[in-house]
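Participant: Below: one structure in structure tokens.
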Amino acid sequence: MFNKKITVLAVLLTLVWAAGAYAEIKEGLWEITTKVEMKGVPMQMPATTVKQCITKDKAVPKSASEDYECKTKNYKVSGDTVTYSVECWGKGGLMITEGKTTYKGNTFDGTSTTKIKAKGQPEMQMSNKISGKYIGPCKK
């Protein structure tokens, strides 16, 4: 149960930081797919797909979890590529995510790594592959 909550939060955080390069993406509705792999977990986790409205004023979607407080440590936009580092603290411990996303008009691709340091648990690491495609205008 704990691992599932952490995985969902890590996916949401990846989406939050991947969407942050609003200057390089189209405003509108995006379909974002994240595939998570965890070291030491032999079972493949299914990909997660969400639709999110991205605008210049609201380029970073809010995380669905209020259990963690997050702070961007590094954030850099260079051309069509965004790199970032985020630290999140909460009841479950500390999560550190580092990633890179490249935007190409109506699509983007990226990767990130999340390390989870939970009290009384061995450190876990997740690798995330992220892809997105522009769907169209946001519904009002």
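For what it's worth, my numbering labels the leading residue of the sequence shown as 965, then goes sequentially.
Virtual Cβ for every residue (Gly too), placed ideally from N, Cα, C.
Computed from a predicted model, the values in this text were never measured in an experiment.
1) With a threshold of 6 Å on Cβ separation, who are the neighbours of K999 within its own chain once the five nearest residues in sequence on each side are excluded?
2) Just tell me which of S1049, K1068 and G1056 has its CA closest to the CA of G1043.
3) Might you give, ordered along the chain, the residues of its own chain that have their beta carbon closer than 7 Å to the beta carbon of K1081, omitting 5 neighbours on each side?
4) Is the distance from the Cβ of G1096 to the Cβ of W994 below 8 Å?
5) Please report the distance separating the alpha-carbon of T1061 from that of V1046.
6) Where does Y1039 land, buried or exposed, given buried means 16+ other C-beta within 10 angstroms?
7) Is the beta carbon of K1003 closer than 8 Å to that of Q1089?
8) Which two residues bound the contiguous beta strand (DSSP E) that contains E995?
Facilitator: In brief:
1) By the criterion of a C-beta distance shorter than 6 Å, K999 is surrounded in its chain by A1011 and K1093, once the five residues flanking it on both sides are discounted.
2) Comparing Cα positions, the closest option is K1068.
3) Apart from the 5 residues on each side of it in sequence, K1081 sits with its Cβ closer than 7 Å to the Cβ of G1057, L1058 and E1087 in its chain, given in chain order.
4) Cβ atoms of G1096 and W994: closer than 8 Å.
5) Those two C-alpha atoms are separated by around 14 Å.
6) With fewer than 16 Cβ atoms within 10 Å of its Cβ, Y1039 is classed as exposed.
7) Yes, the pair counts as a contact, with Cβ atoms nearer than the cut-off.
8) Annotation for E995: the continuous beta strand (DSSP E) segment containing it runs G992 to M1002.
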